[in-house]
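Participant: Questions regarding the structure given below will be posed in turn.
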Amino acid sequence: MFNLLTNSRNKILRQNEKQIHKIKILARSMEDWDDQILQSQTYKLKDQLKNGSSINDLLPEAFATVIETCKRLFGIQLFDVQILGGMMLHQGNITEMKTGEGKTLTATLPAYLNSLTGQGVHIVTVNDYLAKRDAEWMGKIYTFLGISSGLIQQNMTAHERKINYNKDIIYVTNSELGFDYLRDNMAIDTNEIVQKNFNFCIIDEVDSILIDEARTPLIISGPSDIPTDKYITSHLLAKQLVRKEHYDIDEKAKNIILTDQGIIVCENFLKISNIYQIEDPWAQYILNALKAENIFIKDRNYIVKNNQVVIVDEFTGRIMPGRRWSDGLHQAIEAKENVTIQQENQTLASITYQNFFLLYKKLSGMTGTASTESQEFEKIYKINVLTIPTNKQCIRLDLPDLVYKQEYNKWVAVANECYDMYQMGRPTLIGTTNVEKSELLAKLLDEYGLPYNLLNAKPENVEKESQIIAQAGQSKTLTIATNMAGRGTDIILGGNPEKYSQLVILQSIKDYFIGKHEPVLDYYKPNKQIQKHLQVMLQSLESSQVFRTMTSAQIMSLAETCIINNTSENSEKIIDHIYSTYSEILKIYRKEFLDDKEKVIQSGGLHVIGTERHESRRIDNQLRGRAGRQGDPGSSRFFLSLEDNLLRIFGGDKILKLMETLNIDDETPIESAILNRSLNNAQKKVEAYYYDIRKQLFEYDEVLNNQRQAIYAERNRILYSTYVRDCLIEYGESTIEEIINFYKKESNKTSNNQVQKQYIYKKIQSILNLPTEFSINSLIEMNDKEIECFLREQFRITYDLREAYLEQLRPGLVRQLEKYYLLQQIDTAWQEHLEKMANLRESIGWRSYGQQDPLTEYKNEAFTLFIKMITYIRETVSYFIMRSRLVIDPQKTLKNS
1 MFNLLTNSRN KILRQNEKQI HKIKILARSM EDWDDQILQS QTYKLKDQLK
51 NGSSINDLLP EAFATVIETC KRLFGIQLFD VQILGGMMLH QGNITEMKTG
101 EGKTLTATLP AYLNSLTGQG VHIVTVNDYL AKRDAEWMGK IYTFLGISSG
151 LIQQNMTAHE RKINYNKDII YVTNSELGFD YLRDNMAIDT NEIVQKNFNF
201 CIIDEVDSIL IDEARTPLII SGPSDIPTDK YITSHLLAKQ LVRKEHYDID
251 EKAKNIILTD QGIIVCENFL KISNIYQIED PWAQYILNAL KAENIFIKDR
301 NYIVKNNQVV IVDEFTGRIM PGRRWSDGLH QAIEAKENVT IQQENQTLAS
351 ITYQNFFLLY KKLSGMTGTA STESQEFEKI YKINVLTIPT NKQCIRLDLP
401 DLVYKQEYNK WVAVANECYD MYQMGRPTLI GTTNVEKSEL LAKLLDEYGL
451 PYNLLNAKPE NVEKESQIIA QAGQSKTLTI ATNMAGRGTD IILGGNPEKY
501 SQLVILQSIK DYFIGKHEPV LDYYKPNKQI QKHLQVMLQS LESSQVFRTM
551 TSAQIMSLAE TCIINNTSEN SEKIIDHIYS TYSEILKIYR KEFLDDKEKV
601 IQSGGLHVIG TERHESRRID NQLRGRAGRQ GDPGSSRFFL SLEDNLLRIF
651 GGDKILKLME TLNIDDETPI ESAILNRSLN NAQKKVEAYY YDIRKQLFEY
701 DEVLNNQRQA IYAERNRILY STYVRDCLIE YGESTIEEII NFYKKESNKT
751 SNNQVQKQYI YKKIQSILNL PTEFSINSLI EMNDKEIECF LREQFRITYD
801 LREAYLEQLR PGLVRQLEKY YLLQQIDTAW QEHLEKMANL RESIGWRSYG
851 QQDPLTEYKN EAFTLFIKMI TYIRETVSYF IMRSRLVIDP QKTLKNS
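Everything in the sequence shown is counted per the UniProt record's numbering, starting at 1 for the first residue and increasing by one.
Written out as structure tokens, the structure is:
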């Protein structure tokens, strides 16, 4: 059975062996070409596409072109498994490639191939740093081959975004991509739209984006006028409530339920008869205040920075500035932390990641850990997960978990393990689940007198991230880090000489030109030879006065560009000073780090310590995967306690009883295969629970998504139309038809047909501003069909008169007004509809108590709400355009009244 499973891993490699061999032969044949011939490949391949070749026909030659380019520019020869990964990405699969296998370079193969169509390729990363790094690094390949590459960053203007989205290959974060899509669908002018079509997408760290972040939708919101005093009152009330007496906490679902006694206490405190009353509801505020008090913990779920509550991403340990919890939860936490309570927001536009990424014609992704979630990828995104074998066999030793009775003993054991590894000279990475725990361990290591680097969501530590990871593989280095998902930087045994050399130069320039104007050369403890190189560089830069007129940010940006690109647009040729120094220092560090690597390998490689099992097995696997990259030695071990969240919630009491029965003392851990199995099962339960939440979110949002696509399609039709008069006429005529049909139904219930016809005319007259001179008696004599034809004709005549009146005031104005009214009313109605849908979604769950399927009920009611919204849009647009008045003020400007 073991052999069968082992072989299945390499089966995919064997199936594609011929194609890989063909690509490698083509790449070898290109070695003798000069640069110009290799660069002309792009034009040649594009011509083949125009002449009828398919994109799949071009794959071998396109891949070979990138392989040879990569070899020339970086001196890197791509592995067979990277070529295989590129082929699988091109086919629209998720490739599971272990840490250190070169996913960033793998993505260039399908990206280049698909960019030849001119339809655009989006490469999505989890943060701005990785997007920038990859765009700059991989951009060299694309530029060499005549393919344009762009980068989208958080602080870019709409104009800059538009330019970058028009490039062939675009590096962008998932949130920027999603928010740009929503903003584009709120634009009132085609010039405001920044994105093009959604053709091919490669998602880096695909599990982090499509699984972890898929629980919360992307929301663009605007301030609403709801007062904030209720949050303060609710916080004071929550402080007085007692757990188990007034409320219960469901830790698995992260939810709070008020008891009957609790509801009475709340109502007495607030001096109201019912906290669930519709006119002035309090229940949601109280529950949020209790969640803020009990479930959302400072330095775990959020930090307070600059007097603001900033969310910490539980999966990556990074802070998420600008993001806010919805439904008043963020305000409840602000009340708890006694910071300024910002106004609650009204949703203007929203979409889930599931439905957003399904907009692409072809979707693919790569990560080190996806196989545990393969079922979800297949069912929701319709994409397969393929495990790509490693280039070199993984020889990492994953040691069994050690379980302690109490958390204190666990942390002491972790500190002892760190001490032992430090004495052995092994680099050690300790993964913690939150900021609070990482700082607790840091204090313990201080007691032991051990040096360490701390990497967590605290702003002062985030800034040092690349420095910390660059040296995390050096001997005698202890690194404490919150979850390592999506860090994007490999831990290289012995250290990363390129990154380290870059940091030494940048820090020296920063200290000398931005700091106290004197070099702090012992920052990285460089030797005398390196100090000499740095001093010469700093003196020549100072004498050239090249940084004289630059800001701090410009100085650092220019210095970084000189090192990364080996180019500078600066006339002072400062590249000679900076790049030559970088090259000299790199030679020294390469030798030093290579010697250190041998020492580290002899001592057993990188040791990874996990301090708690995460809710998802993937996050644990990501942490383990930091050791043993590219066939390096390494090991991993998890230290757990019965007080850890996962064990406490899922059956830790049974193990505690067992330990007490066996009379095991507090300091002795237990190591058991049965225990490991039960922990894995607990993680599977949690994964299944969260999968159900995401599946449910997807099913409910799918209903809204169909409506969203219909509204956005109508919006785009109007936005890109140069003549929307027909659309207005269509809206007006539909309004007439709907009113007549409504009154027809009503007339069946009553016998007074004459009164019904009077109602019809009055209603239509008020909405469409039809002439009042017309006698109602003439209408009474007509049949239903004649009434409809007559009213349509009257509407068209009135519209022509209105158009002539507006055209006389200012030519072309009526066309602008038509488009403005249409878009404004669609947006307003859609925002109100989103609010109604959110309220419906919250209340629909109660239908299950009446033996009704909530999802079916939701679909039915959502459809009714949508039809009402469409009718409302037609009526209001018709009303406003037919009743608009324009007056000319003394300054000769037109005003709409």
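Beta carbons: idealized from backbone N, C-alpha and C, even for Gly.
(1) Where are the alpha helix (DSSP H) runs, 4 residues long or more, that stay fully inside the region 769-841, in chain order?
(2) So if DSSP puts Q308 in a beta bridge, which residue, or which two residues, is it bridged to?
(3) Suppose contacts are defined by Cβ-Cβ distances below 7 Å. Is I388 in contact with G85 by that definition?
(4) If we count Cβ pairs, one from each stretch, closer than 8 Å, do we get three or more for the region 598-608 versus the region 75-94?
(5) Hey, out of T99, S53, N268, A27, whose CA is closest to A627's CA?
(6) Take the Cβ of K254 as the centre, count every other Cβ of all protein chains shown within 10 Å, and call the residue buried at 16 or more, exposed below.
(7) Leaving aside the five residues before and after K516 along the sequence, list all residues of the same chain whose C-beta is less than 6 Å from its C-beta, in chain order.
(8) What's the C-alpha gap between residue 899 and T95?
(9) Cα separation between L797 and L728?
(10) Applying the criterion that 16 or more other CB atoms from any shown protein chain within 10 Å of the CB defines a buried residue, is F74 buried or exposed?
(11) Is H330 helix, strand or coil when you go by DSSP?
(12) Could you check what DSSP says for G604 in three-state terms: helix, strand or coil?
(13) Could you give the DSSP three-state label for F356: helix, strand or coil?
(14) For G150, which residues from the same chain have a beta carbon less than 6 Å from its beta carbon, with the 5 sequence-adjacent residues on both sides left out?
(15) Starting from K291, trace the alpha helix (DSSP H) in both directions and tell me its first and last residue.
(16) Is L363 near C201, with beta carbons less than 7 Å apart?
(17) Near M138, what residues of its chain come up, given a Cβ to Cβ distance below 6 Å and the 5 sequence neighbours on each side ignored?
(18) Which residues bound the beta strand (DSSP E) around F639?
(19) Tell me which residue opens and which closes the alpha helix (DSSP H) that G92 is part of.
(20) So, using beta-carbon positions, are M339 and N307 closer together than 7 Å?
(21) Take L834 and list the residues in its own chain whose beta-carbon comes closer than 6 Å to its own, dropping the five residues that flank it on each side.
(22) Is the beta carbon of I670 less than 7 Å from the beta carbon of V242?
(23) Does the Cβ of N621 have 16 or more other Cβ atoms within 10 Å, making it buried, or fewer, making it exposed?
(24) Given a cut-off of 7 Å on the beta-carbon distance, is the pair C562 and I588 in contact?
(25) Hey, out of E807, Y731, E818, L397, whose CA is closest to Y723's CA?
(26) Please name the residue or residues paired with K362 in a DSSP beta bridge.
(27) Helix, strand or coil for K298? Go by DSSP, reduced to three states.
(28) What three-state label does DSSP hand S580 in the structure shown?
(29) When DSSP builds the beta bridges, which residues end up paired with E344?
(30) Roughly how many angstroms separate the alpha carbons of Q354 and Q709, rounded to a whole number?
(31) Taking S583 as the reference, give the member of E615, L719, L534, L594 with the closest Cα.
(32) Per DSSP, which one or two residues make a beta bridge with M320?
(33) Taking only three categories from DSSP, how would you classify V385?
(34) Hey, how far is the Cα of S501 from the Cα of I492?
(35) Find the nearest neighbour of H90 within the set F179, N199, E68, judged by alpha-carbon distance.
(36) Beta-carbon separation of A413 and F639 under 7 Å?
Facilitator: On the basis of the supplied data:
(1) 776-780, 784-809
(2) Translated into positions along the sequence shown, residue 308 becomes position 308. K305.
(3) Numbered from 1 along the sequence shown, position 388 holds the residue referred to as residue 388. Numbered from 1 along the sequence shown, position 85 holds the residue referred to as residue 85. For I388 and G85, yes; Cβs fall inside 7 Å.
(4) no
(5) Locating residue 627 in the sequence shown gives position 627, where the first residue counts as 1. Among T99, S53, N268, A27, the Cα nearest to that of A627 is on T99.
(6) Position 254 of the sequence shown holds residue 254. K254 is exposed by the Cβ-count criterion.
(7) Stepping through the sequence shown from its first residue, residue 516 is reached at position 516. Legend: pLDDT at K516 = 49, less than 50; position of this residue unreliable, no value from coordinates given.
(8) No information on residue 899 is available, as it lies outside the stretch 1 to 897 that the chain covers here.
(9) Position 797 of the sequence shown, counted from the first residue, corresponds to residue 797. Position 728 of the sequence shown, counted from the first residue, corresponds to residue 728. Residue identity check: residue 797 is Ile in the sequence provided, not Leu. Spanning the two alpha carbons is a distance of roughly 13 Å.
(10) Reading the sequence shown from its first residue, position 74 is the one you call residue 74. Residue environment for F74: exposed (fewer than 16 other C-beta atoms within 10 angstroms of its C-beta).
(11) Walking along the sequence shown from the start, residue 330 turns up at place 330. Helix, per DSSP.
(12) Here residue 604 corresponds to residue number 604 of the sequence shown, with the count starting at 1. Here G604 sits in coil by DSSP.
(13) In the sequence shown, residue 356 corresponds to position 356, counting from 1. Correct three-state label for F356: helix.
(14) Residue 150 sits at position 150 when you count from the first residue of the sequence shown. If we look at G150 and ignore the five residues flanking it on each side, its Cβ neighbours are N164, K167, I170.
(15) Counting from 1 along the sequence shown, the entry for residue 291 is found at position 291. It spans 283-294 - the alpha helix (DSSP H) in which K291 sits, taken as one unbroken run.
(16) Counting from 1 along the sequence shown, the entry for residue 363 is found at position 363. Counting from 1 along the sequence shown, the entry for residue 201 is found at position 201. Yes, Cβ-Cβ distance for L363 and C201 is below 7 Å.
(17) As a first step, residue 138 is located in the sequence shown; it is residue number 138 there, counting from the start. So the qualifying residues of the chain are T108.
(18) The residue labelled residue 639 in the question sits at position 639 within the sequence shown. 634-641 is the extent of the beta strand (DSSP E) around F639.
(19) Here residue 92 is taken as the residue at index 92 of the sequence shown, counted from 1. Premise fails: G92 is in no alpha helix (DSSP H) and is neither H nor E.
(20) As a position in the sequence shown, residue 339 is number 339, starting the count at 1. As a position in the sequence shown, residue 307 is number 307, starting the count at 1. According to the sequence provided, residue 339 is Val. The question's Met does not apply to it. Cβ atoms of V339 and N307: closer than 7 Å.
(21) As a first step, residue 834 is located in the sequence shown; it is residue number 834 there, counting from the start. Excluding its 5 nearest sequence neighbours in each direction, L834 has C-beta neighbours in its own chain below 6 Å: T347, listed in chain order.
(22) For this step, residue 670 is matched to residue 670 along the sequence shown. For this step, residue 242 is matched to residue 242 along the sequence shown. Contact: no.
(23) As a position in the sequence shown, residue 621 is number 621, starting the count at 1. Burial call: buried.
(24) Position 562 of the sequence shown, counted from the first residue, corresponds to residue 562. Position 588 of the sequence shown, counted from the first residue, corresponds to residue 588. No, they are not a contact pair.
(25) The residue given as residue 723 occupies position 723 in the sequence shown. Closest by alpha carbon: E818.
(26) The residue labelled residue 362 in the question sits at position 362 within the sequence shown. Partner(s): F200.
(27) What you label residue 298 is simply residue 298 of the sequence shown in a count that begins at 1. Correct three-state label for K298: strand.
(28) By 1-based counting over the sequence shown, the position of residue 580 is 580. S580: helix per DSSP, three-state reduction.
(29) The count along the sequence shown starts at 1 and reaches residue 344 at position 344. The secondary-structure analysis by DSSP pairs E344 with nothing; it has no beta-bridge partner.
(30) As a working note, residue 354 is residue 354 in the sequence shown. As a working note, residue 709 is residue 709 in the sequence shown. Taking the straight line joining both Cα atoms gives about 14 Å.
(31) The residue given as residue 583 occupies position 583 in the sequence shown. It is L534.
(32) Here residue 320 is taken as the residue at index 320 of the sequence shown, counted from 1. Per DSSP, I311.
(33) Position 385 of the sequence shown, counted from the start, is the residue given in the question as residue 385. The answer is strand: DSSP assigns V385 an E or B state.
(34) Position 501 of the sequence shown, counting from 1, holds the residue named residue 501. Position 492 of the sequence shown, counting from 1, holds the residue named residue 492. Answer to the nearest angstrom: the Cα atoms are 14 Å apart.
(35) For the purposes of this step, residue 90 is taken as residue 90 along the sequence shown, with counting starting at 1. A check of alpha carbon separations from H90 across F179, N199, E68 identifies N199 as the nearest.
(36) Reading the sequence shown from its first residue, position 413 is the one you call residue 413. Reading the sequence shown from its first residue, position 639 is the one you call residue 639. If you check the CB distance, A413 and F639 come in under 7 Å.
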